[in-house]
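*Asks:*
Number of protein chains: 2
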Amino acid sequence: MTKEVENLSWIAADWGTSHLRLWLMDDQNKVLQHIGSDRGMSTLQSDQYEATLLDLIGDALPAQGTLPVVCCGMAGSRQGWVEAPYTQVPCAPPTIDDATQVQTKDQRLNVFILPGIKQLPAADVMRGEETQIAGFLAGSPDFDGVICLPGTHCKWVHISAGEVVSFRTFMTGELFALICNSSVLRHSVGEDGWDAEAFEAAVSDAISRPSAVSGNLFSIRAESLLCDLDSTAARSRISGLLIGIELAAARPYWLGQDVVIVGESGIASAYGSALVQQGAMARNVTAEDMTLKGLSAAYDKLVEMTP
Amino acid sequence: MTKEVENLSWIAADWGTSHLRLWLMDDQNKVLQHIGSDRGMSTLQSDQYEATLLDLIGDALPAQGTLPVVCCGMAGSRQGWVEAPYTQVPCAPPTIDDATQVQTKDQRLNVFILPGIKQLPAADVMRGEETQIAGFLAGSPDFDGVICLPGTHCKWVHISAGEVVSFRTFMTGELFALICNSSVLRHSVGEDGWDAEAFEAAVSDAISRPSAVSGNLFSIRAESLLCDLDSTAARSRISGLLIGIELAAARPYWLGQDVVIVGESGIASAYGSALVQQGAMARNVTAEDMTLKGLSAAYDKLVEMTP
Chain A
1 MTKEVENLSW
11 IAADWGTSHL
21 RLWLMDDQNK
31 VLQHIGSDRG
41 MSTLQSDQYE
51 ATLLDLIGDA
61 LPAQGTLPVV
71 CCGMAGSRQG
81 WVEAPYTQVP
91 CAPPTIDDAT
101 QVQTKDQRLN
111 VFILPGIKQL
121 PAADVMRGEE
131 TQIAGFLAGS
141 PDFDGVICLP
151 GTHCKWVHIS
161 AGEVVSFRTF
171 MTGELFALIC
181 NSSVLRHSVG
191 EDGWDAEAFE
201 AAVSDAISRP
211 SAVSGNLFSI
221 RAESLLCDLD
231 STAARSRISG
241 LLIGIELAAA
251 RPYWLGQDVV
261 IVGESGIASA
271 YGSALVQQGA
281 MARNVTAEDM
291 TLKGLSAAYD
301 KLVEMTP
Chain B
308 MTKEVENLSW
318 IAADWGTSHL
328 RLWLMDDQNK
338 VLQHIGSDRG
348 MSTLQSDQYE
358 ATLLDLIGDA
368 LPAQGTLPVV
378 CCGMAGSRQG
388 WVEAPYTQVP
398 CAPPTIDDAT
408 QVQTKDQRLN
418 VFILPGIKQL
428 PAADVMRGEE
438 TQIAGFLAGS
448 PDFDGVICLP
458 GTHCKWVHIS
468 AGEVVSFRTF
478 MTGELFALIC
488 NSSVLRHSVG
498 EDGWDAEAFE
508 AAVSDAISRP
518 SAVSGNLFSI
528 RAESLLCDLD
538 STAARSRISG
548 LLIGIELAAA
558 RPYWLGQDVV
568 IVGESGIASA
578 YGSALVQQGA
588 MARNVTAEDM
598 TLKGLSAAYD
608 KLVEMTP
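In the order they appear, the protein sequences are chains A and B. So in our numbering, spot 179 of the first sequence is number 179, and the numbers just go up one at a time. So in our numbering, spot 280 of the second sequence is number 587, and the numbers just go up one at a time.
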């Protein structure tokens with residue numbers, strides 16, 4: 001809940017699988033207020049989205065007129081609010097023209113859901129990352145290179161002439177979480193901390209012998225039993241092995257390319273240092289900034305289109 | 308609970324992480340009765356093992372004298388009943404001489420725990436499989452080749468001159484279970500069924516491009532969303548990718564070697580068909596038979612040693 005907000009022009013929404021992030025925006029695309037919630041797609045039936053939104057921002061709605069809400073993410077999936085069908089590569093990242101408009105009961109809401117992007121063949125999908133890509137391209141329209149978006153499912157995206165040419169998703173983040181939290185290695189890893197040397201050695205090892213990864217993972221357990229391997233080193237090695245095998249497969253994406261990593265914290269800087277170690281250059285941009293810039297670009301287009 | 312059993316001479320026990328399997332044996336090493344239980348190591352404190360055993364076989368104990376109980380598996384780990392320190396490669400698989408005798412309160416029990424085997428370097432451990440290896444070698448003392456033991460953690464073991472020369476463990480089975488049950492792919496896989504063609508294609512793919520596995524796993528999710536990929540094919544492809552990357556790394560173990568696979572059901576036959584596909588030959592032996600023969604060989608030695 002939030003009280004009436006002065007200068008509120010529209011709502012930006014990143015509605016993911018596990019989280020919902022809302023930003024109350026003015027007409028210059030400045031953030032007036034941020035609201036985070038754990039009411040992600042996985043917790044909602046399609047008829048619960050509108051009520052969820054009203055719970056969180058209902059008090060901020062204007063007494064008269066309508067408020068645009070521009071969403072990206074899993075709210076547009078088949079199991080989400082309303083399906084926003086994928087656009088297909090090669091394509092520019094979707095904007096308001098490609099969005100699916102949602103019929104709401106509350107006439108003060110005017111909701112748009114941006115679609116994800118699909119690729120066939122090789123089959124691949126994204127939902128949410130396309131808006132970060134749009135945000136990056138809004139600031140760098142002539143970019144020709146590769147955008148890497150680490151996370152649960154890391155994506156490597158080849159951009160040329162303002163379009164997504166091709167992309168490839170890796171399950172690295174999800175495998176890391178499963179191995180650290182649910183496999184036999186959970187007894188060997190620490191909750192946090194970082195051992196850069198152990199990480200780098202594991203990256204090199206996985207790049208030179210990618211097939212050995214599932215054996216090298218068990219070696220971490222054995223070294224923990226037999227040699228009291230430090231739990232921080234164990235965690236960093238698991239990360240290095242998984243990022244290393246990904247970099248080996250993603251080589252055509254990063255080799256000799258201008259690489260931008262979307263993200264600033266732990267996992268994004270791990271990708272950055274692994275790339276530097278391989279002699280590649282990469283710069284980081286802030287994930288939230290890119291999401292907001294992408295949603296703002298869509299909103300700006302909506303304003304342009306409005307007579 | 309079981310009633311007094313005629314001709315009972317000893318108890319064979321395979322005490323693993325999640326399960327306990329007991330066999331009541333006569334003096335010719337014939338099984339008189341089998342008892343299965345879910346009271347594995349992970350459910351027990353060290354002072355609960357004796358009571359667990361008495362719960363299950365107390366009524367079968369003789370009124371007079373003692374009954375030998377020969378155990379293998381995780382009961383001998385540091386978190387188990389009593390630690391049975393590893394023997395180290397190169398070594399013959401452990402027998403009763405290497406066992407740790409457990410002091411029990413009930414004087415009718417005479418418990419021996421067989422140790423596991425460790426390797427340093429490369430760090431690796433086994434507990435339970437060494438007894439199956441002993442069982443196989445009891446019937447084939449001159450075997451020179453490789454024993455493959457699929458399971459949660461698949462092991463490849465090089466045997467020569469009656470000794471374990473080296474071995475290598477892969478987390479394949481555990482990764483398969485985590486990916487099918489707990490990752491985003493759980494929405495795409497069936498509970499059972501088998502698609503041999505999808506499996507074989509995935510094995511080939513992983514062997515030729517091992518680094519691509521974490522991307523190819525996500526492709527299964529994307530094909531399920533975009534192309535209605537069949538859930539049986541999805542499950543078989545995950546298995547093929549993980550067994551394929553393992554075979555790529557384990558090549559020095561199976562290439563040109565006499566390979567014996569310990570196991571007979573689904574997972575063991577998957578390994579067998581993947582090896583045949585790679586032009587290797589492998590034969591299967593029954594896992595329970597090998598465990599019982601290994602425990603029986605240890606019991607026979609105990610009888611020999613008894614004055």
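Even for Gly, the Cβ is constructed at its ideal location relative to N, Cα and C.
(1) So which residues on chain A does arginine 475/B lean against when the C-beta distance must stay under 7 Å?
(2) Which residues mark the beginning and the end of the alpha helix (DSSP H) in which phenylalanine 136/A is found?
(3) With a threshold of 16 other CB atoms inside 10 Å of the CB of asparagine 7/A, please say whether the residue is buried or exposed.
(4) With a threshold of 8 Å between beta-carbons, can leucine 241/A be considered close to chain B, or not?
(5) For histidine 158/A, which of helix, strand or coil comes out of DSSP?
(6) Of the choices Gly263/A, Ile267/A, Ser269/A and Ala298/A, whose alpha-carbon is the least far from that of glutamate 288/A?
(7) Serine 543/B and tryptophan 501/B: beta carbons closer than 8 Å?
(8) I want to verify the contact list: residues of chain B whose CB lies under 8 Å from the CB of alanine 234/A, in sequence order.
(9) Between tyrosine 393/B and cysteine 71/A, what straight-line distance do the alpha-carbon atoms span, to the nearest angstrom?
(10) Please name the residues in the segment 137-149 of chain A whose beta-carbon is closer than 7 Å to at least one beta-carbon of chain B, in chain order.
(11) What does the Cβ neighbour count give for glutamine 119/A, buried or exposed, with the cut at 16 atoms within 10 Å?
(12) Measure the C-alpha to C-alpha separation of leucine 363/B and isoleucine 342/B and round it to an integer number of angstroms.
(13) Name the two residues that bound the continuous beta strand (DSSP E) containing lysine 600/B.
(14) With distances taken between CB atoms, is the gap from alanine 13/A to glycine 135/A smaller than 8 Å?
(15) With 7 Å as the C-beta to C-beta threshold (strictly closer), list the residues of the segment 162-193 of chain A near chain B in chain order.
(16) Let me see if you follow: with CB-CB separation under 8 Å, is leucine 56/A close to chain B or not?
(17) Considering only the beta carbon of each residue, do glutamine 439/B and threonine 598/B sit closer than 8 Å?
(18) Rounded to whole angstroms, what's the CA-CA distance from threonine 373/B to alanine 367/B? Just pull it up for me.
(19) Quick one: does lysine 425/B have its CB under 8 Å from some CB of chain A?
(20) Would you mind listing the beta strand (DSSP E) stretches within the segment 1-35 of chain A that are 3+ residues and don't spill past its ends, in chain order?
(21) By the three-class DSSP mapping on this structure, what secondary structure does valine 70/A have?
(22) Classify glutamate 163/A as helix, strand or coil using the three-state DSSP reduction.
(23) Step through the CB atoms of chain A and report whether any lies within less than 8 Å of the CB of serine 526/B.
(24) Rounded to the nearest angstrom, how far is the Cβ of threonine 479/B from that of leucine 549/B, given a contact under 8 Å?
(25) Are any of the Cβ atoms in chain B nearer than 8 Å to that of alanine 201/A?
(26) Just checking: is the beta-carbon of histidine 19/A within a distance shorter than 8 Å of some beta-carbon in chain B?
(27) So with Cβ pairs under 8 Å, would you call aspartate 431/B a contact of chain A?
(28) To the nearest angstrom, report how far apart valine 146/A and aspartate 512/B are at their CA atoms.
(29) Could you tell me whether the Cβ atoms of serine 495/B and leucine 536/B are closer together than 8 Å?
(30) With 16 as the cutoff for other CB atoms within 10 Å, does arginine 475/B come out buried or exposed?
(31) Pick helix, strand or coil for methionine 171/A, following the three-state DSSP scheme.
(32) Please confirm whether isoleucine 318/B and leucine 327/B have their CB atoms less than 8 Å apart.
(33) Please tell me whether isoleucine 552/B has its Cβ less than 8 Å away from any Cβ of chain A.
(34) Put glutamine 584/B into one of helix, strand or coil per three-state DSSP.
*Replies:* In terms of the structure at hand:
(1) Result: Gly215.
(2) Element bounds for phenylalanine 136/A: 129-139.
(3) In this structure asparagine 7/A is exposed. Its beta-carbon is surrounded by fewer than 16 other beta-carbon atoms within 10 angstroms.
(4) Output row for leucine 241/A: interface = no.
(5) Under the three-state reduction of DSSP output, histidine 158/A falls in the strand class.
(6) The shortest Cα separation from glutamate 288/A among Gly263/A, Ile267/A, Ser269/A and Ala298/A belongs to Gly263/A.
(7) Against a cut-off of 8 Å, the Cβ pair of tryptophan 501/B and serine 543/B comes out as a contact.
(8) Ordered by position in chain B, no residue passes the 8 Å Cβ test against alanine 234/A, which lies about 12 Å from the chain.
(9) Tyrosine 393/B and cysteine 71/A: Cα-Cα distance of roughly 58 Å.
(10) Taking 7 Å as the Cβ-Cβ cut-off against chain B, none of the residues of the segment 137-149 of chain A qualify.
(11) Residue environment for glutamine 119/A: buried (at least 16 other C-beta atoms within 10 angstroms of its C-beta).
(12) Cα-Cα distance, rounded: 8 Å.
(13) It is not in any beta strand (DSSP E) - lysine 600/B instead sits in the alpha helix (DSSP H) that spans 594-612.
(14) It is not a contact, given that the beta carbons lie outside the stated cut-off.
(15) Residues Arg168, Thr169, Phe170, Met171, Thr172, Glu174, Leu175, Leu178, Ser182, Ser183 and Val184.
(16) Residue contact check for leucine 56/A against chain B: no CB pair falls below 8 Å.
(17) Yes; because the gap between Cβ atoms is below 8 Å, this pair is in contact.
(18) Between the alpha carbons of threonine 373/B and alanine 367/B lies a gap of roughly 12 Å.
(19) Contacts with chain A at 8 Å (Cβ-Cβ) include lysine 425/B.
(20) Annotation: the segment 1-35 of chain A contains the following complete segments of the beta strand (DSSP E) (minimum length 3 residues), in chain order: 10-15 and 20-25.
(21) Note: valine 70/A maps to strand in three-state DSSP.
(22) The DSSP-derived three-state label of glutamate 163/A is strand.
(23) Residue-level contact check: serine 526/B touches chain A, since one or more beta carbons of chain A fall below 8 Å from its beta carbon.
(24) For threonine 479/B against leucine 549/B, the beta-carbon gap comes to about 5 Å, under 8 Å, which counts as contact.
(25) Taking Cβ atoms only, chain B never reaches closer than 8 Å to alanine 201/A, which makes this a no.
(26) Chain B contact via Cβ: absent.
(27) It does: the Cβ of aspartate 431/B has a partner Cβ on chain A nearer than 8 Å.
(28) Cα to Cα, the separation comes out at about 26 Å.
(29) Taking C-beta atoms as the reference points, serine 495/B and leucine 536/B count as a pair closer than 8 Å.
(30) Buried is the call here.
(31) Looking at methionine 171/A - three-state DSSP - the assignment turns out to be coil, as it is neither helix nor strand.
(32) Not in contact: isoleucine 318/B and leucine 327/B (Cβ atoms no closer than 8 Å).
(33) Yes, its Cβ sits closer than 8 Å to a Cβ of chain A.
(34) Helix at glutamine 584/B.
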